[in-house]
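Novice:
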Amino acid sequence: SGARDPVRGARGKMALELMSHLKARLQQVHSEQLKLCKAEEQKTLKKTLKANAGLRKTKSEAADLVASATHKLLT
Numbered sequence: 004s005g006a007r008d009p010v011r012g013a014r015g016k017m018a019l020e021l022m023s024h025l026k027a028r029l030q031q032v033h034s035e036q037l038k039l040c041k042a043e044e045q046k047t048l049k050k051t052l053k054a055n056a057g058l059r060k061t062k063s064e065a066a067d068l069v070a071s072a073t074h075k076l077l078t
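4 is the number of the first residue of the sequence shown in the working numbering; add one for each residue after it.
Quick look at the structure:
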């Protein structure tokens, strides 16, 4: 086992630096992806809540019509 090859050592160091950079970038991209998924979930939830509110209003209006019609029939 002789002296270390300086070129090989420099390449190894560059490879480690590149791997470290890529790992950091991958973590950043993953974090952004999680944010996008959460935003999409919230958007879907808002749409669902809005649709449910509309459905409740429609049901309420229908119940009012039925009550009114029933009242008219009975009087």
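Here a beta-carbon is modelled for each residue, glycine too, at the ideal position from N, C-alpha and C.
1) Between the alpha carbons of PRO9 and GLU35, how many angstroms are there, rounded?
2) Helix, strand or coil for ASP8? Go by DSSP, reduced to three states.
3) What number of angstroms, rounded off, separates the C-alpha of LYS38 from the C-alpha of LYS50?
4) Excluding five sequence neighbours on each side, which residues of the same chain lie with their C-beta closer than 7 Å to the C-beta of THR78?
Specialist: By the coordinates alone:
1) 39 Å
2) coil
3) 18 Å
4) none
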